[in-house]
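Undergrad: Would you mind keeping the following structure in view while I ask a few things?
In the UniProt record's numbering, the protein residues as written are 1 to 120.
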């Protein structure tokens with residue numbers, strides 16, 4: 001069974017890139033959210049195996065998305081997809097409950113490795 005994935009990014013281009021990368025690693029489809037608020041509205045515990053969220057989004061940023069989703073589902077895998085690779089920001093995300101990081105730009109192989117690492 002393919003992983004059920006929620007992709008939150010305010011850039012439609014980036015969402016397309018992420019969806020293509022997911023398809024390349026065997027995830028045929030994903031639910032898209034155009035921003036953090038939409039992601040939190042769409043997310044339901046038990047309906048998703050993985051959440052891929054951008055850091056910088058209007059409304060709710062990726063950190064807020066992580067915090068709110070963690071309250072609903074402490075076990076879902078959440079990956080931050082971002083250009084933010086600074087140590088302090090990474091620590092902030094880890095404290096908020098992020099499972100892993102995917103630094104832009106990334107390859108399908110990198111995505112596959114991260115998904116396998118988390119059993120998605």
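Glycine residues also receive a C-beta, built at the ideal position from the N, C-alpha and C atoms. A quick note: this is a predicted structure, and the numbers were derived from the prediction, not measured.
Do residue 72 and residue 44 have their beta-carbon atoms positioned less than 9 Å apart in this structure?
TA: Result yes, Cβ atoms of residue 44 and residue 72 sit closer than 9 Å.
Undergrad: Does the stretch 85-96 touch the stretch 106-117, meaning 3 or more C-beta pairs lie closer than 8 Å?
TA: Touching, no, given that fewer than three Cβ pairs across the two stretches are closer than 8 Å.
Undergrad: By how many angstroms is the C-alpha of residue 38 removed from the C-alpha of residue 32?
TA: Between residue 32 and residue 38, the C-alpha separation is close to 9 Å.
Undergrad: So for residue 53, helix, strand or coil by DSSP?
TA: Strand.
Undergrad: Just to confirm, does residue 43 get its C-beta within under 8 Å of one of the non-hydrogen atoms of the ligand GDP?
TA: Inclusion of the ligand GDP in the displayed structure is not the case, the ligand content being empty and no account of it being possible.
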